[in-house]
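One structure is given here, and the rest of the page talks about it.
Numbering (the working numbering), first residue to last: 16 to 458.
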């Protein structure tokens with residue numbers, strides 16, 4: 016049984032049917048590009064300990080790690096600015112061109128990180144350049160997942176929107192995993208000295224050719240059918256940013272709120288987890304990789320199934336259930352994780368299960384909040400402000416507060432608290448499963 020919206024949306028599109036071959040190509044191309052994009056973005060987080068020693072050397076390893084995570088978090092400070100630039104631009108000139116610009120810019124910045132001299136070679140200029148490149152990555156990340164979700168949602172028929180948009184979260188999770196796998200492979204094959212002496216550059220340099228591949232794939236895409244329809248009718252807004260903020264502020268706030276669990280899950284359960292397991296709990300790098308892989312495997316197994324399920328029963332019950340589960344069960348789950356042995360893997364599997372349920376339903380919900388005229392911009396602003404608060408800074412916060420209070424449970428406390436805020440936002444979401452997307456052209 017499909018749940019219906021609490022109120023009927025005021026304006027809907029005719030949901031022009033996309034050619035099935037074009038839709039498959041769009042899903043594949045956007046997913047591949049999204050995977051490459053989030054590989055580029057995540058690989059820094061997984062190399063944080065090494066980069067801390069090379070670019071922020073101090074006598075205290077914890078201080079170096081904190082500085083490295085601060086540079087990681089710097090990208091999130093500018094993500095809202097990236098959302099303000101790329102989102103409204105995508106609402107004015109189209110989704111395809113913006114997505115092409117984003118992937119090549121992100122890949123170029125990541126590639127340049129791999130070319131940087133370290134602090135030992137050029138002193139303070141090295142961390143300054145590293146932070147500058149992280150800021151470029153943050154700007155482009157401000158439009159990636161929001162643009163990809165917008166684009167795919169506008170291709171998908173209403174009855175399958177949840178299933179199709181879930182591939183955006185699937186591909187982002189896969190990108191995070193590959194960003195973990197590359198540094199871990201270096202750890203297995205090489206010594207610490209070899210990694211510090213230059214091998215650390217390899218995962219970053221890979222981003223160059225991958226970015227070219229991603230750009231080629233995206234250049235072959237057509238514009239989304241709903242945006243083309245707006246353009247043909249002359250209904251594209253000349254100043255979509257103004258309309259987004261003035262008329263869509265409630266949806267922007269909701270997008271930020273329902274994104275909290277997305278960000279906390281990615282950046283505490285995935286990006287920060289290997290560092291947490293090795294530096295805080297004393298796991299080996301290989302064991303930390305295998306344990307974190309448990310989260311990813313469960314995530315990617317669950318996401319497509321839940322996406323299809325959300326088309327049948329709605330997004331809201333799944334999102335309410337997952338966010339409530341995080342509130343109730345995160346602390347017991349982290350008790351399992353900190354116990355070591357098989358309990359760690361069980362705990363991380365449960366973490367991945369809850370996170371995967373939420374991710375499978377939320378992509379369509381994000382797109383359904385906004386009208387086509389302002390979807391890219393509104394989603395980008397709300398999502399990236401939320402990411403700045405609950406995303407990249409949380410590894411830094413968890414590391415700092417854990418050291419201050421002498422507890423290994425700080426990530427659990429942060430996830431549980433943030434999930435409670437998310438739950439309140441989800442309760443304010445109006446169900447749209449099975450309904451056409453709003454156009455907003457007449458609004």
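Ideal Cβ placement from N, Cα and C applies to all residues, glycine included.
A quick note: this is a predicted structure, and the numbers were derived from the prediction, not measured.
Coarse secondary structure for residue i, derived from DSSP in three states
i: residue 11; result: This structure cannot speak to residue 11, because the chain is shown only from 16 to 458.
i: residue 456; result: With a pLDDT of 45 at residue 456, under the threshold of 50, the predicted position of this residue should be treated as unreliable, and no value is reported.
i: residue 98; result: helix
i: residue 111; result: helix
i: residue 262; result: helix
i: residue 26; result: Because the pLDDT at residue 26 is just 45, under 50, the model does not fix this residue reliably, and the point stays unresolved.
i: residue 450; result: coil
i: residue 175; result: helix
i: residue 248; result: coil
i: residue 214; result: helix
i: residue 139; result: coil
i: residue 79; result: helix
i: residue 343; result: helix
i: residue 106; result: helix
i: residue 434; result: helix
i: residue 293; result: helix
i: residue 287; result: coil
i: residue 298; result: coil
i: residue 323; result: helix
i: residue 386; result: coil
Given residue i as reference, the closest of the options once Cα atoms are compared
i: residue 374; options: 123, 182, 45; result: 182
i: residue 82; options: 238, 94, 68; result: 68
i: residue 161; options: 368, 215, 46, 200; result: 46
i: residue 187; options: 449, 423, 391, 371; result: 371
i: residue 135; options: 70, 196, 403, 185; result: 70
i: residue 59; options: 318, 220, 280; result: 220
i: residue 315; options: 296, 285, 349; result: 285
i: residue 322; options: 249, 218, 185; result: 185
i: residue 93; options: 445, 266, 423, 401; result: 401
i: residue 86; options: 103, 97, 57, 111; result: 57
i: residue 178; options: 268, 228, 133, 328; result: 328
i: residue 435; options: 277, 148, 35, 399; result: 277
i: residue 282; options: 84, 261, 128; result: 84
i: residue 248; options: 40, 34, 454; result: 454
i: residue 116; options: 79, 231, 88; result: 231
i: residue 447; options: 330, 352, 347; result: 330
i: residue 72; options: 243, 139, 144, 103; result: 139
i: residue 358; options: 399, 344, 306; result: 306
Check whether residue i and residue j have beta carbons under 9 Å apart
i: residue 387; j: residue 236; result: no
i: residue 311; j: residue 192; result: yes
i: residue 189; j: residue 118; result: no
i: residue 233; j: residue 114; result: yes
i: residue 101; j: residue 48; result: no
i: residue 341; j: residue 318; result: no
i: residue 491; j: residue 252; result: Outside the displayed range of the chain (16 to 458) lies residue 491, so it cannot be described from this structure.
i: residue 325; j: residue 105; result: no
i: residue 356; j: residue 91; result: no
i: residue 470; j: residue 80; result: Nothing in the structure corresponds to residue 470, since the chain is present only between 16 and 458.
i: residue 287; j: residue 198; result: no
i: residue 54; j: residue 225; result: yes
contact_flag[the stretch 155-173, the stretch 354-374] where n(CB pairs < 8 Å) is 3 or more: No: fewer than three Cβ pairs fall under 8 Å.
With a cut-off of 8 Å, do at least 3 Cβ pairs link the stretch 143-153 to the stretch 113-128? yes
Would you call the stretch 292-309 and the stretch 378-394 touching, i.e. three or more CB-CB distances under 8 Å? no
Would the stretch 268-278 and the stretch 435-453 be scored as touching if the rule is three or more Cβ pairs under 8 Å? When Cβ pairs closer than 8 Å are counted between the two stretches, the stretch 268-278 is seen to touch the stretch 435-453, the count reaching three or more.
Using 8 Å as the cut-off, can you tell me whether the stretch 334-350 makes contact with the stretch 389-398, which would need three or more C-beta pairs spanning the two stretches below that distance? no
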